[in-house]
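A.B. asks: My numbering applies: residue 3 is where the sequence shown begins, and numbers increase by one.
Using N, Cα and C, we set each Cβ at its ideal position, and we do this for glycine too.
Model, not experiment: these values are computed from the prediction.
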Amino acid sequence: MRHYEIIFMVHPDHSEQIANMIENYSSLITSAKGHIYRLEDWGRRQLAYPINKLHKAYYVLLNIEAPQKVIEKLEKILDLNDIVIRSIIIRVKQPITEASPMFKAKDERRDRREDFNEVNANSDTLDYE
């Protein structure tokens with residue numbers, strides 16, 4: 003079995019269906035004795051340029067090990083799914099398990115926001131005299 007990286011972008015109006023999509027794709031991979039090394043939900047992000055008059059999309063990244071038949075089936079499913087705006091499947095030499103730069107940046111922003119909220123919650127109100 004080979005290792006693959008899959009990224010797909012979903013129409014932002016259908017973001018509630020993403021959990022179900024990920025579950026279906028995961029079960030398809032694991033049922034064929036494949037393995038998911040990394041699954042990242044990047045969330046709703048701004049597109050670099052409009053696609054089908056859309057300016058935002060919901061991003062999902064998967065790093066998997068699976069047989070070729072599963073990859074062909076996933077590719078067909080992603081192409082035929084109307085709510086998937088774009089998708090790409092890339093073969094990689096080794097499984098990638100560390101967090102992607104996009105996911106790390108999202109975590110750093112979340113940490114900074116939590117630190118800011120803690121400081122504001124702990125500080126007294128300012129007296130303007």
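From which residue to which residue does the beta strand (DSSP E) around I92 run?
C.D. replies: 86-94
A.B. asks: For H13, name the three-state secondary structure that DSSP assigns.
C.D. replies: coil
A.B. asks: Near S28, which residues of its chain fall below 7 Å by C-beta distance, leaving aside the five closest residues on each side in sequence?
C.D. replies: I38
A.B. asks: Considering only the beta carbon of each residue, do H13 and I90 sit closer than 8 Å?
C.D. replies: no
A.B. asks: Check whether the segment 31-47 and the segment 60-67 are in contact - that is, three or more C-beta pairs closer than 8 Å.
C.D. replies: yes
A.B. asks: Could you tell me which uninterrupted alpha helix (DSSP H) segments, each at least 4 residues in length, are contained entirely in the segment 31-97, listed from first to last along the chain?
C.D. replies: You should have 70-82.
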